[in-house]
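Peer 1:
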């Protein structure tokens with residue numbers, strides 16, 4: 099069964115690639131966004147769903163497994179120490195401030211939330227506008243956005259971080275409330 103699905107995917111790789119290019123061409127600009135890689139992953143996820151017979155859940159599993167098994171992706175991501183380094187906070191605050199200018203329709207708009215000594219997180223984000231949600235809505239496949247939200251947990255796990263989130267824009271929340279911390283014992 100898995101082998102048949104793998105053969106189907108390899109046969110459809112040109113169709114997936116062409117759909118990726120088509121969605122990318124239609125996608126609204128997000129400028130020099132900090133989340134360009136997320137946007138491109140979203141475009142690929144849409145193309146994968148459209149050009150295979152896999153369900154969104156199966157596409158998510160394929161995507162997740164591919165990221166977990168990609169050593170280069172692990173290296174580029176870094177780890178909890180590099181991501182939660184407080185030296186990055188001024189740059190993140192500047193990014194947040196810039197995002198509120200809403201220069202690009204599909205770019206993310208966010209607030210930075212600093213964890214305090216009594217909090218169980220180190221760094222938080224409240225996203226008020228999500229490029230993935232906007233992209234999926236424009237492409238008529240908003241139901242796929244929630245699968246891409248699940249990738250945030252995969253990436254946090256790969257970086258040895260704990261992610262807590264109570265709501266997402268993809269599931270009709272008022273914002274996406276990310277709270278990152280170190281895993282217990284890290």
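Residue numbers (the numbering used here): 99 to 284. Every residue, glycine too, gets a C-beta built ideally from N, C-alpha and C. Since we're looking at a predicted model, the values are computed, not measured.
1) Nearest CA to the CA of residue 243: which residue from 142, 117, 261 and 130?
2) Please work out which residues of its chain come closer than 6 Å, Cβ to Cβ, to residue 138, disregarding the five sequence neighbours upstream and downstream, and give them in chain order.
3) Whose C-beta lies closer than 8 Å to the C-beta of residue 224 among residues of the same chain, with five residues either side of it excluded?
4) How long is the line joining the alpha carbons of residue 151 and residue 186, rounded to whole angstroms?
5) In terms of DSSP beta bridges, what is residue 211 paired with?
6) In whole angstroms, give me the CA-to-CA distance for residue 252 and residue 173.
7) Grouping DSSP H, G and I as helix and E and B as strand, with all else coil, what is residue 151?
8) Distance check for residue 264 and residue 219, CA to CA, integer angstroms please.
Peer 2: Taking the structure as given:
1) Translated into the one-based positions of the chain shown, residue 243 becomes position 145. Residue 243 has its Cα closest to that of 142, out of 142, 117, 261 and 130.
2) Indexing the chain shown from 1 puts residue 138 at position 40. Cβ neighbours of residue 138 beyond the five flanking positions: none.
3) Within the chain shown, numbered from 1, the residue matching residue 224 stands at position 126. 208, 209, 211, 273, 274, 275 and 276, listed in sequence order.
4) If you number the chain shown from 1, residue 151 lands on position 53. If you number the chain shown from 1, residue 186 lands on position 88. Using only the alpha carbons, I get a separation of about 42 Å.
5) Working through the chain shown from its first residue, we reach residue 211 at position 113. When DSSP reads this structure, residue 211 sits in a beta bridge with 222.
6) Looking up residue 252 in the chain shown gives position 154. Looking up residue 173 in the chain shown gives position 75. Distance between the alpha carbons of residue 252 and residue 173: 15 Å.
7) Locating residue 151 in the chain shown gives position 53, counting from the first residue. Residue 151: coil per DSSP, three-state reduction.
8) Residue numbering aside, residue 219 sits at position 121 when the chain shown is read from its first letter. Residue numbering aside, residue 264 sits at position 166 when the chain shown is read from its first letter. Taking the straight line from one Cα to the other gives about 14 Å.
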